[in-house]
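J.: For the sequence shown, position 946 matches number 946 in full-length UniProt numbering, and the numbering has no gaps at all.
Using N, Cα and C, we set each Cβ at its ideal position, and we do this for glycine too.
Quick one: the structure is below, and I'll ask about it shortly.
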Amino acid sequence: MHVQLKVRTRATNGLIMLAAAQGTKGGHYMALFLQKGLLQFQFSCGLQTMLLSELETPVNTGHEITIRAELDFSRNYTHCNASLLVNDTLAMSGDQPTWLKLLPPRMHTPETILNTWLHLGGAPQAPIGLIIELPPSQSGTGFTGCLHSLKINEDSREIFGDALDGFGITECGSLACLSSPCRNGAACIKIETNEVDDNGDKVEKWKCKCPSGYMGPTCEISVCEDNPCQYGGTCVQFPGSGYLCLCPLGKHGHYCEHTYLPPLSIFLDANANFSDLEVALPSFSGSVNGLSSFVAYTVPIPLEYSMELSFKILPQTMSQIALLAFLGQPGYHDEKSDHLAISFIQGYIMLTWNLGAGPRRIFTQKPIDFRLDAPRVPYEIKVGRIGRQAWLSVDGKFNITGRSPGSVSRMDVLPILYLGGHEIANFNTLPHDLPLHSGFQGCIYDVHLKAGQVTVPLQETRGVRGRGVGQCGTRECHRHACQHDGACLQHGATFTCICQEGWYGPLCAQPTNPCDSFNNKCSEESTCVPLVNGYECDCPVGQTGKNCEEEIHSLSDVSLTGRRSYLAVRWPYLYDNSDKMGAKRSQIISYRNFTKKLMPPKPIASSNQHFVMKLLNEVEKQRNFSPVPLMGSKSFEEHHRVQFFFIEFQLRPLSERGLLLYFGSLNKNMDKKIGFVSLSLQGGVVEFRISGPSNHVTVVRSVRMLAIGEWHKIKMAQRGRWLTLWVEGSASSALAPSAEVLVEPDALLYVGGLKDLSKLPHNAISGFPVPFRGCVRGLVVSGTRIVLNETNIIESRNIRDCDGTACGGDSCEAGGHCWLDEKLQPHCICPEYAKGDRCEYSETCKLIPCKNNGRCLRSGRCSCPNGWGGFYCEIALSKPTTPSFRGNSYLILPPPRIPMKDKRKGPSMFVRPREAIQISLNFSTIEPDGLLLWSEHDRQKFLGLGLENGHLKIASNLLGSDNDTVSTPSSGFITDGSWHMARIVVDRSHLELQLDGEVIFTEKLASQELMQQQQQPSSTTSPHRTRSRNSLLARRGKEPTITYEDLFYLGGFPNLESVSKRTQGRYDQPFKGCLQDIQFGAEPNALIKDFSTYQGENIGSCDLHGDEPIVV
């Protein structure tokens, strides 16, 4: 076999030629193919296979080459020799024995060969045993390129004219277009040019003519990658038009940009009033790319033991397997997950429910009577459940009942009813066969839910959210929807146009695709976004202008245009990489803790060091708890993590709505322990939202509204459960239900919007999500300043400088003043305490002394006396009602004297008696360890209260037990950021500790214990021992004790004295957190409200909630 042909290609892989012969007892072949641009020659003469790949020069250059493959047999047919010549030069050759050698000599004739085939450009459709020896990547890969001038055994043959069969063969033209580089149905067009390459050959150029919805050099980019849908609409690829917007409930139109669409006569009226689409009779449109239309209602009544659900349906077709209604649990469902589902199975109605022991299904015995030629009549479906028993009826005619397996009669599901579909893509996490379902096509209305004696018309409560839902009977397609005879396709609350050939655009109004790479004028690296008429260019960071043709030389104050605009920065680092516990600035605090909060129903007295064990045993006995291991047991240790962050920035809004900040999960299938933090502007009111476990959302709203066009300062903070929003000096606070970590600290912080607002969780913002329009500057995240410039911005879209100059709020730090020279270059005039080009370095207090009696520390910072702040104690602070402690703070409080009238001397200051004291305080912290209060008398008697491992810990040598320190794990997990009230009561007989109004510890004092022992002497006690006890009692009775006349230290000690050393190891760390409502005594006027007059250092205000902990 001799085969010669000329080849021209740019392909990297593909089978060029396969010549095969089959005989009665065997066969032989030779194959030529491309692999990574190199020629590979493989042949076999029936007994073995040989692969030759000696040519190391690529041949896929587009230049024409002549290839000649030869397979020759010896005279006696016992051996064969194969060779490959490229451009008449021998490239590779080899020989081997043949299958004919095994036959008798009389059969060594050409008649032994039954048939011989030559295949060009691809493998044959019918299987041939010989080609299974080819590499798998070649046996099924066709050749892309040009073949001509074929010769077989020196005879010229026409490749197309003499062929017996073929597929997909065209006349050879441009090699570039021959390889079909264009994707998504685009047409390849050859560009005529006079350019030549280094070999003198004409350079072939091409371009792709993209269909609507696609762009890029090879039409590989969908417009959905830069979502053009508005108000959080979801963009999905759609055949014919390229894309489709699935609108949120209440919005509609091609881009979800319109409100309610009235009849055509009103639509043409320029004075017509529009309002958001009020969906009274929801119309569902099935599924597109796995995303179904749906509407979800919050169920306001309990469904655990019984329920009745009724609704009416109008199906569009019988040929659908669709989900009508669903109640279930969060996350992934398995065969034991509680749920209830109603399905439409090609006209049959099926009810499935599961109470944890496995599913049970009941369904109608025959399909509903559906006729297209008859007037459409709704079908009423009713389902009910009482315990394990459930029933189903359609139009009151079919009543089917069933009982679920197992013995459980309670159904635990989320109080959310889904109709027409579900928010999860492809129903992947739903139970059993529901992933085989699609969204319902038709109308569902008159939905009523009953539990017990309460019936709720859910339709009147409005759905909490939805997607792709229109109004039943209202068509988005009208005669002017698609132009130039384009076909309008209705899909729920939106529509799309299938254009006639030669017309493009969302409404088939444009003769060319506006986002084709050779039609739009968007600069490189920018993105084209199609509009109803024309296009827009979305600019990356550093570029601006209509076509993103202008370069931004300097970003000082960032301006967000509100046109799909956003930017993202990384969460700043706090420590070195060696710090593995809290390596991020969010300061996630992790420590071991008790998982259950145990509270005794009454105080338990104990006088030995095993108080904790006795307390837990008593609680177990009285509450029938299972044994709870003590701290230190491996079965009890668990890491609790508490999140802390604060963010401050300035903004100048140009609109009343928009997403300001967001970080956290962007996946709607969120894990219940992963959430989000969002800050948005809603009608001029700032709204701070944070998600918790099970997607619970806590909302804090500002008490002030923002003025349009003016700069405002905003702070937001989370310390465990405590959330605070501060706007222009006014603070709002709230407590979250949990203090668990909500957001991992390595998340990006988004400012002004998101890359795709459809991925925003539905409860992260009120109403429809829109990007923020306005200016932002001065971003500080947990004490780290993040300058919004090209260096720190990770990704962005459509941002520019606010005033167009190089000077702005982020140009100079530390209050420096920015000015422009004659070349418009920015410079900073720094205050005396700052230096650097941007005033970014603080001058040490060793060069600039601290003011207002502040102390200069070794770190170069000032320790400021109470009432003063700033780097050099130069700022007078307002009087804090809620002082904050930063780990290097303290306050010394002499208890106030109570004025009273004396009968003889007149008015005087009353010193309360020494026999009893009562001290109470409110504290909030997320630090597991810290000293709250300490007092001592002549270094002999002491009383202390603090935190250890997240529990209260009291220390005093007034106690009667040998151990003067007692931890109270029964207080539970209290370092969660929420406020807790602690009270110490000491009288002549006992010491009592209360937490949040409940007694958690009580014990008799030493003097009282000795007195009881004196009153009940033992008959065996010696007189000498009795006298010793009496003398001890006498001495203790005369010993000093803690009184109101002593000093009380809050949070720490002066001069940074070690807490561990001063308390002799009873407490280890100073307090970090907030205190308020400190009261000495039970009198109302004993409450301390003004802390500015007391001695202390580094005291801030928790009212502002922006104090950064100082590391000394």
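Short check: CB of Ala11 to CB of Gly145, under 8 Å?
T.: Closer than 8 Å, so yes.
J.: I want to know whether the stretch 699 to 707 touches the stretch 937 to 944 - three or more CB-CB distances under 8 Å.
T.: The stretch 699 to 707, when compared against the stretch 937 to 944, does not touch it at the 8 Å Cβ threshold.
J.: Take the Cβ of Asp557 as the centre, count every other Cβ of all protein chains shown within 10 Å, and call the residue buried at 16 or more, exposed below.
T.: So Asp557 ends up on the buried side.
J.: In angstroms with no decimal places, state the Cα-to-Cα distance between Val299 and Gly468.
T.: Going by the C-alpha atoms only, they are around 21 Å apart.
J.: Taking the beta carbon of Pro761 as the centre, do at least 16 other beta carbons fall within 10 Å, making it buried, or is it exposed?
T.: So Pro761 counts as buried.
J.: Counting Cβ pairs closer than 8 Å, one from the stretch 183 to 190 and one from the stretch 37 to 52, do we hit at least three?
T.: Touching, no, given that fewer than three Cβ pairs across the two stretches are closer than 8 Å.
J.: Whole angstroms are fine: how far does the CA of Asn866 sit from the CA of Ile1099?
T.: If you take the alpha carbons of Ile1099 and Asn866, they lie about 6 Å apart.
J.: Give me the residue from Ile498, Asn798 and Gly767 with the minimum Cα distance to Asp485.
T.: The shortest C-alpha separation from Asp485 is found at Ile498.
J.: Spell out a yes or no on whether the stretch 399 to 412 and the stretch 424 to 436 are touching, meaning 3 or more CB-CB pairs, one atom from each, closer than 8 Å.
T.: Result no; under three Cβ-Cβ pairs closer than 8 Å.
J.: Specify the secondary structure class of Asp801 as computed by DSSP and reduced to three states.
T.: Residue state, collapsed to three classes: strand.
J.: Given a cut-off of 8 Å, decide if Ser796 and Val529 are closer than it, judged by their beta-carbon atoms.
T.: Cβ distance not < 8 Å, so Val529 and Ser796 don't count as in contact.
J.: Give the DSSP-derived three-state secondary structure of Gly1100 in the structure shown.
T.: Reduced to three states, the DSSP call for Gly1100 is strand.
J.: Which of helix, strand or coil does DSSP assign to Phe427?
T.: Three-state DSSP puts Phe427 in a helix.
J.: With distances taken from CA atoms, which of Asn533, Ser526 and Ile342 is nearest Glu550?
T.: Of the listed residues, the one whose Cα sits closest to Glu550 is Ser526.
J.: Alpha carbon to alpha carbon, how far is Tyr395 from Arg371?
T.: It is worth fixing the name first, because residue 395 is Asp in this sequence and not Tyr. Looking at the two C-alpha atoms, the distance is approximately 16 Å.
J.: Measuring CA to CA, which of Pro330, Pro359, Gln320 and Met350 is closest to Lys336?
T.: Measuring from the Cα of Lys336, the nearest candidate turns out to be Pro359.
J.: Given a threshold of 16 other Cβ atoms within 10 Å of its Cβ, counted over all protein chains shown, does Tyr305 qualify as buried or as exposed?
T.: Flag for Tyr305 reads exposed.
J.: What three-state label does DSSP hand Asn922 in the structure shown?
T.: Three-state result, Asn922: strand.
J.: Please list the segments of the alpha helix (DSSP H) lying wholly inside the stretch 816 to 846, counting only runs of 4 or more residues, in order along the chain.
T.: Segments of the alpha helix (DSSP H) lying fully in the stretch 816 to 846: there are none.
J.: Which runs of the alpha helix (DSSP H) at least 4 residues long sit entirely within the stretch 753 to 784? Give them in chain order.
T.: Listed in chain order, nothing qualifies, since the stretch 753 to 784 has no complete alpha helix (DSSP H) run of 4 or more residues.
J.: Can you give me the C-alpha to C-alpha distance between Arg886 and Gly930, rounded to a whole angstrom?
T.: One C-alpha to the other measures close to 11 Å.
J.: Run through the DSSP bridge pairs and tell me what Val377 is partnered with.
T.: DSSP, once it has assigned bridges, lists no residue as partnering Val377.
J.: Would you grab the beta carbon distance between Gln471 and Ser283 for me? Rounded to a whole angstrom, and I think it's under 8 Å.
T.: Yes, they are in contact, since the Cβ atoms of Gln471 and Ser283 sit about 6 Å apart, within 8 Å.
J.: Assuming Gly664 contacts Phe676 under a Cβ cut-off of 8 Å, what Cβ separation, rounded to an integer in Å, is found between them?
T.: Indeed they touch by this definition, with Cβ atoms about 3 Å apart.
J.: Return the Cβ separation of Ser83 and Glu70 in integer angstroms, given the expectation that the two are a contact with Cβ distance under 8 Å.
T.: Sure, about 5 Å apart at Cβ, within 8 Å.
J.: Could you check where the alpha helix (DSSP H) with Leu178 kicks off and where it finishes?
T.: Counting along the chain, the alpha helix (DSSP H) containing Leu178 begins and ends at Leu175 to Leu178.
J.: In angstroms with no decimal places, state the Cα-to-Cα distance between Tyr1067 and Phe871.
T.: C-alpha separation (whole angstroms): 29 Å.
J.: Under 8 Å between the Cβ atoms of His448 and Leu436?
T.: The answer is no: Cβ separation not under 8 Å.
J.: Based on DSSP bridge pairs, tell me the residues matched to Ala493.
T.: Paired residues: none, contrary to the question.
J.: For Met981 versus Asp964, is the C-beta distance shorter than 8 Å?
T.: No, these two residues do not count as a Cβ contact at 8 Å.
J.: Does the separation of the CB atoms of Pro315 and Phe294 fall below 8 Å?
T.: It is not a contact, given that the beta carbons lie outside the stated cut-off.
J.: In three-state DSSP terms, what is Cys224?
T.: Helix.
J.: One question on the structure: do Leu118 and Ile152 come within less than 8 Å of each other, judged by their Cβ atoms?
T.: Yes; because the gap between Cβ atoms is below 8 Å, this pair is in contact.
J.: Just to confirm the assignment, what range does the alpha helix (DSSP H) spanning Ser556 have?
T.: Taken as a continuous stretch (DSSP letters only), Ser556 belongs to no alpha helix (DSSP H), as it is neither H nor E.
J.: Which residues in the same chain as Phe363 place their Cβ atom closer than 6 Å to its Cβ, once the five residues preceding and following it in sequence are excluded?
T.: Closer than 6 Å at the Cβ level, and outside the excluded window around Phe363, lie Tyr348 and Met350.
J.: State the start and end residues of the unbroken beta strand (DSSP E) segment that holds Arg361.
T.: Taken as a continuous stretch (DSSP letters only), the beta strand (DSSP E) holding Arg361 covers Pro359 to Phe363.
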